[in-house]
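Here's the structure we're looking at; comments come further down.
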Amino acid sequence: MAEERYNMKNPAVKRILQEVKEMQNNPSADYMSLPLEDNIFEWHFAIRGPSDSEFEGGIYHGRIQLPPEYPFKPPAFMLLTPNGRFETQTKICLSISQHHPEHWQPSWSVRTALVALIAFMPTKPDGALGSLDYTKEERRKLAINSRLSAPKFGNAERQALINEIHQYMTKQSPPVPEVPLASKETETAGAIEDADEDDGESVEALIAEGSRISEELVTDAVVENVHEVHVNANAGPLAVSFSADYQLAPPAIPIGDAATLAQQNLLCDVHPSQASSGPAVATQVRPPVQQPPSDFTLTMLAIALAIAILALIVHKLMKSRGIPNSVDSMPPKKVLYL
1 MAEERYNMKN PAVKRILQEV KEMQNNPSAD YMSLPLEDNI FEWHFAIRGP SDSEFEGGIY
61 HGRIQLPPEY PFKPPAFMLL TPNGRFETQT KICLSISQHH PEHWQPSWSV RTALVALIAF
121 MPTKPDGALG SLDYTKEERR KLAINSRLSA PKFGNAERQA LINEIHQYMT KQSPPVPEVP
181 LASKETETAG AIEDADEDDG ESVEALIAEG SRISEELVTD AVVENVHEVH VNANAGPLAV
241 SFSADYQLAP PAIPIGDAAT LAQQNLLCDV HPSQASSGPA VATQVRPPVQ QPPSDFTLTM
301 LAIALAIAIL ALIVHKLMKS RGIPNSVDSM PPKKVLYL
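The numbers in the sequence shown follow the UniProt record's numbering, run straight up by one, and end at 338.
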């Protein structure tokens, strides 16, 4: 018994045995994992390929090595089944693995890590350590082959545990879909391209409209008495507001499409005002147009005001330095009384 073989006062041992019990009492059809009988710090697992991906229906085995400081330090993962996403028998780099201890949380468990690993399967590798970037067709073939037999690894005890887990997952997991994903991918790609074109046209139209209105407001600055123009640089080129009660609202973006647009580099930051199901909105409130004075009159008034201000500054400067000006230094006039 593990209780007799290990020190139950050790926090790592106590935590691992709790997770073993929880895994056995609450099995899942998406994954299965158990430790070796003579080493509870080494776990073997199998996960089911995520649905709606080239991994669907595949059964992928792997090995988890828990550190002595578990759960305060993250485990190490390696895949044993060829899959086209991760190298086999190589410690893979994930945010939940030992390569990124700064991201690990002690409240996470082996179950949490397996769920995260399934979510990582269809993501892009981006050159991460231990990652592969096979085509979808190659990954699909590997998914079919993964169900045929369990991988060979280690001694007899390890192999027996791997075979047991594989048998369980084969019964729980449906087979790889026979319908190829090519048609689905083609439709999805076409929909994305159409969405990209529509979004691009919408963005260009809004930017052009914003530029045109900006030019009009700058041209009519004197006529409409527009004193300030506020441009919110953080809101991007689609959110421009003017103090003359003019506002070009950003396009409304459905909440479900926000992540898709972000992946397409069409959306960097989604403002709460954009998370709606309505179409793009552009509102315009024009101020009342006043009768403009002539340009000549305004120019002359500006020149006269500038001269008056300059004269006042010179007068105050001379007075502060004790320099008498021509007016103050003139002798008083004599008054002749008849």
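Glycine included, each C-beta is placed from N, C-alpha and C at the ideal position.
At a cut of 8 angstroms, does the region 55-75 reach the region 97-116 through at least three beta carbon pairs? Yes: the two stretches touch, three or more of their Cβ pairs being nearer than 8 angstroms.
Straight-line Cα distance separating Met78 from Ser109: Going from the Cα of Ser109 to the Cα of Met78 covers about 17 angstroms.
Using DSSP with H/G/I as helix, E/B as strand and the rest coil, what is Glu69? Coil, per DSSP.
Assign Met8 to one of two classes, buried (16 or more other C-beta atoms within 10 Å of its C-beta) or exposed (fewer than that). Around the beta carbon of Met8, fewer than 16 other beta carbons lie within 10 angstroms, which makes this residue exposed.
In terms of alpha-carbon separation, which member of Pro122, Ala128 and Arg63 lies closest to Ser95? The residue with the shortest Cα to Cα distance from Ser95 is Ala128.
Looking at the structure shown, is Leu34 part of a helix, part of a strand, or coil, going by DSSP? Leu34 sits in a strand when the DSSP states are folded into three classes.
Can you tell me which of the three DSSP states Pro75 falls into? In this structure, Pro75 counts as coil in the three-state DSSP scheme.
7 angstroms Cβ shell around Met32 - same chain, five flanking residues per side excluded: Cβ neighbours of Met32 beyond the five flanking positions: Phe45, Ala46, Ile165, Tyr168 and Met169.
For a test of the three-state rule: what should DSSP assign to Thr297, helix, strand or coil? Assignment of Thr297 by DSSP, reduced to helix, strand and coil, places it in the helix class.
For the region 141-152 and the region 47-63, state whether three or more C-beta atom pairs, one from each stretch, are separated by less than 8 angstroms. Below 8 angstroms, enough C-beta pairs join the region 141-152 and the region 47-63 to call them touching: three or more.
What would DSSP say about Arg147, mapped onto helix, strand or coil? Three-state result, Arg147: coil.
Same chain, Cβ closer than 7 angstroms to Gln263, five either side skipped, listed in chain order: Summary for Gln263: the model assigns pLDDT 42, below 50, so the residue's position carries little reliability; its value from the coordinates is reported in the next sentence. Nothing listed; no residue qualifies.
Rounded separation between Gly130 and Thr88 - CA only: Whole-angstrom Cα-Cα distance: 8 angstroms.
The ligand FAD and Asn83: does the residue's C-beta get closer than 7 angstroms to at least one heavy atom of that ligand? With respect to the ligand FAD, the structure offers nothing, as it holds no ligand at all.
Provide the residue(s) that pair with residue 369 in DSSP beta bridges, ordered along the chain. Missing from the structure shown is residue 369; the chain here goes from 1 to 338 and no further.
Grab the span of the alpha helix (DSSP H) containing Arg158 for me, first residue to last. Element bounds for Arg158: Ala156 to Gln172.
Expected contact under 8 angstroms - CB spacing of Ala29 and Arg48 to nearest Å: Contact check for Ala29 and Arg48: beta-carbon distance about 7 angstroms, within the 8 angstroms limit, so the pair qualifies.
Indicate whether Glu69 and Ala12 have their beta-carbon atoms separated by less than 8 angstroms. Yes, these two residues count as a Cβ contact at 8 angstroms.
So, at 8 angstroms on beta carbons, what are the nonlocal neighbours of Pro174 in its own chain, with the 5 sequence-adjacent residues on each side left out? Same-chain partners within the cutoff: Gly57.
Expressed to the nearest angstrom, what Euclidean distance is found between the alpha-carbon atoms of Gln172 and Asp126? Computed Cα separation, rounded: 32 angstroms.
Assuming contact is defined by CB atoms lying nearer than 8 angstroms, are Glu54 and Arg139 in contact in what I supplied? Cβ atoms of Glu54 and Arg139: closer than 8 angstroms.
Pull up the CB-CB distance for Arg85 and Met121, whole angstroms please, since I reckon it's below 8 angstroms. Their Cβ separation, rounded to whole angstroms, is 6 angstroms, which keeps Arg85 and Met121 in contact under 8 angstroms.
What would DSSP say about Phe120, mapped onto helix, strand or coil? DSSP places Phe120 in helix when its eight states are reduced to three.
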